[in-house]
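Undergrad: Below are the structure tokens for one structure; questions will follow.
This is how it looks when you write it as structure tokens:
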């Protein structure tokens, strides 16, 4: 098959959608399929040259919305080369531009919302949600309505999406999602990471890896760690992610206020071998997020034999909990204390059993090959389905 992915950006700082497209694209390419990507990035952006798939950067785009006048003409000219177009993410011009160019055409398009319809955003940012509600009927509603399939990575995400906007129509389908396993040379990766951050040698590192953002529960993690730090003097918190924002500065100040600044290492954003070295050097992974659609970093941690301490707002929590691959609690300080203390007090035999289960869960549920095969199944099924056929998992117009 020939597949085209649309992304607002391929900047790795954008998180899960970019990484998901890259990993699934590499996997599908290895299976013999052709995969290309369109983004709204400027062609001379540093992350464009570093991206691992054939990329058409049509920017620079304008404003927060990412208005890109070149997108619709490019799609109208080139989309017929592809068997399917996949829109990754909402609320920026690439999704509406895809609808403008492709609805009513012979080229089917699919949408991965990637958690961007979660009602958490409605509750947390009511003014932003009001603006989106005014925009919704004229753009994103149509994007979803006319897509061949709207693809959710968990059943939890699919059900939550129905709660965000009253006017909602989508041909829904849940598909597998995942990522690649870590590189094989774990010792070299660990050594390289500890050479970069030598104070972590011999520590029992609790790893957070992701955006330093309020939705990730960073403040909960810091406050909870302050309460459990005496359980094990070697316990150390590693905060890995872009840390140049105002919120990150607030979190650094909070760590100082809590008296744990000497027990917290801020690494900045980690990529490549340093990222994998962080996983290999850590004792456990923690993400007490208030909202997390899938959590690529959670899957990467599991694949690195790291048990995960997550909240029940991470949408794969049911799978983690059912398998015993980590500890699931609420997205509160109390819940995070429960998870951290539960891990730090666990005996060595139980810890090792949970590490083994973490890898088993990754292999069974979240490996990129399972994701690629399931997505290909959907694309092949959709190739023979008329655009207006609203079948299983569909809500009627409201």
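Residue numbers (the working numbering): -17 to 380. Think of the CB as a built atom: it goes at the ideal place given N, C-alpha and C, for glycine as much as any other residue. Because the structure is a prediction, the values reported are computed rather than measured.
Which runs of the alpha helix (DSSP H) at least 4 residues long sit entirely within the segment 282 to 307? Give them in chain order.
TA: Correct list: 299 to 305.
Undergrad: Answer with buried or exposed for residue 167, where buried requires no fewer than 16 other C-beta atoms within 10 angstroms of its C-beta.
TA: Its Cβ having fewer than 16 others within 10 Å, residue 167 is exposed.
Undergrad: Should residue 371 go down as buried or exposed, given a rule of 16 or more other Cβ atoms within 10 Å for buried?
TA: With a pLDDT of only 37 at residue 371, under 50, the local geometry of the prediction cannot be trusted, and the value read off the model is given with reservation. The residue is exposed, with fewer than 16 neighbouring Cβ atoms inside 10 Å.
Undergrad: Alpha carbons only, please: which of 224, 105, 198 and 232 is nearest the one belonging to residue 315?
TA: Per the Cα distances, 198.
Undergrad: I think residue 356 touches residue 158, with their Cβ atoms under 8 Å apart; what is that distance to the nearest whole Å?
TA: Right, their Cβ atoms sit about 4 Å apart.
Undergrad: Residue 308: which of 45, 257 and 291 sits nearest, CA to CA?
TA: The candidate whose alpha carbon is nearest that of residue 308 is 291.
Undergrad: Among 137, 248, -13 and 176, which has the Cα closest to the Cα of residue 57?
TA: Among 137, 248, -13 and 176, the Cα nearest to that of residue 57 is on -13.
Undergrad: Please confirm whether residue 289 and residue 353 have their CB atoms less than 9 Å apart.
TA: Taking 9 Å as the Cβ cut-off, residue 289 and residue 353 do not qualify as a contacting pair.
Undergrad: Buried or exposed: where does residue 46 fall if 16 or more other Cβ atoms within 10 Å of its Cβ makes it buried?
TA: With fewer than 16 other Cβ atoms within 10 Å, it is exposed.
Undergrad: Select from 3, 191 and 324 the residue whose C-alpha is nearest the C-alpha of residue 221.
TA: When each option's Cα is compared against that of residue 221, the closest is 191.
Undergrad: Hey, out of 115, 87, 200 and 219, whose CA is closest to residue 233's CA?
TA: Measuring from the Cα of residue 233, the nearest candidate turns out to be 200.
Undergrad: Of all the options 359, 136, 360 and 265, which has the alpha carbon lying nearest to the alpha carbon of residue 330?
TA: Measuring from the Cα of residue 330, the nearest candidate turns out to be 265.
Undergrad: Does the pairing of the segment 89 to 97 with the segment 128 to 139 give three or more beta-carbon distances under 8 Å?
TA: These segments touch.
Undergrad: If you reduce the DSSP assignment to three classes, tell me which class residue 4 lands in.
TA: Residue 4: helix per DSSP, three-state reduction.
Undergrad: Rounded to a whole number of angstroms, what is the C-alpha to C-alpha distance between residue 373 and residue 116?
TA: Legend: pLDDT at residue 373 = 37, less than 50; position of this residue unreliable, value from coordinates given subsequently. Their Cα atoms are separated by approximately 28 Å.
Undergrad: Looking at the structure shown, is residue 44 part of a helix, part of a strand, or coil, going by DSSP?
TA: Three-state DSSP puts residue 44 in a strand.
Undergrad: Spatial neighbours of residue 383 within its chain, please: C-beta separation below 7 Å, excluding the five flanking residues on both sides.
TA: Since the first and last residues shown for the chain are -17 and 380, residue 383 lies out of range.
Undergrad: Would you decide whether residue -16 is buried or exposed? Buried here means 16 or more other CB atoms lie within 10 Å of its CB.
TA: The residue in question, residue -16, is exposed, as its Cβ has fewer than 16 Cβ neighbours within 10 Å.
Undergrad: Assess contact between the segment 143 to 157 and the segment 94 to 114, defined as three or more Cβ pairs (one per stretch) separated by less than 8 Å. Is contact present?
TA: Judged by Cβ distances under 8 Å, the segment 143 to 157 makes contact with the segment 94 to 114, as three or more pairs qualify.
Undergrad: Within 10 angstroms of its Cβ, does residue 244 collect 16 or more other Cβ (buried), or is it exposed?
TA: Exposed, since its Cβ has fewer than 16 Cβ neighbours within 10 Å.
Undergrad: Kindly indicate which residue of 333, 1 and 24 has the alpha-carbon position closest to the one of residue 253.
TA: The shortest Cα separation from residue 253 among 333, 1 and 24 belongs to 1.
Undergrad: So, with DSSP's three-state summary, where would you put residue 345?
TA: DSSP places residue 345 in helix when its eight states are reduced to three.
Undergrad: With C-beta atoms as the reference, is residue 126 less than 9 Å away from residue 150?
TA: Contact flag set, yes.
Undergrad: What does residue 309 pair with, by DSSP beta-bridge criteria?
TA: The partner list for residue 309 (beta bridge, DSSP) reads 291.
Undergrad: My output table needs one value for residue 114: the three-state DSSP class, helix, strand or coil.
TA: Residue 114: helix per DSSP, three-state reduction.
Undergrad: Should the segment 181 to 190 be regarded as contacting the segment 262 to 276, the criterion being three or more beta carbon pairs within less than 8 Å?
TA: Segments in contact, yes.
Undergrad: Starting from the C-beta of residue 380, find all residues in its chain whose C-beta is less than 8 Å away, skip the five residues before and the five after it, and write them out in chain order.
TA: The predicted model places residue 380 with a pLDDT of 38, which falls under 50 and marks its position as unreliable; any figure quoted below should be read in that light. Taken in chain order, the residues that qualify are 148, 149, 150 and 151.
Undergrad: Can you give, in chain order, each stretch of the beta strand (DSSP E) that sits fully within the segment 140 to 184 and has at least 3 residues?
TA: The segment 140 to 184 contains these whole beta strand (DSSP E) runs: 152 to 156.
Undergrad: Relative to the C-alpha of residue 209, which candidate in 110, 10 and 242 has its C-alpha closest?
TA: Considering only alpha carbons, the answer is 242.
Undergrad: Quick one, are the C-beta atoms of residue 124 and residue 73 less than 9 Å apart?
TA: Contact: no.
Undergrad: Are the beta-carbon atoms belonging to residue 298 and residue 281 less than 9 Å from one another?
TA: Taking 9 Å as the Cβ cut-off, residue 298 and residue 281 qualify as a contacting pair.
Undergrad: Give every residue of the same chain whose Cβ lies closer than 6 Å to the Cβ of residue 7, excluding the five residues on either side of it in the sequence, and list them in chain order.
TA: These residues qualify, in order along the chain: 17 and 35.
Undergrad: Is there at least one Cβ from chain D nearer than 9 Å to residue 180's Cβ?
TA: The structure shown contains no chain D; it is built from a single protein chain.
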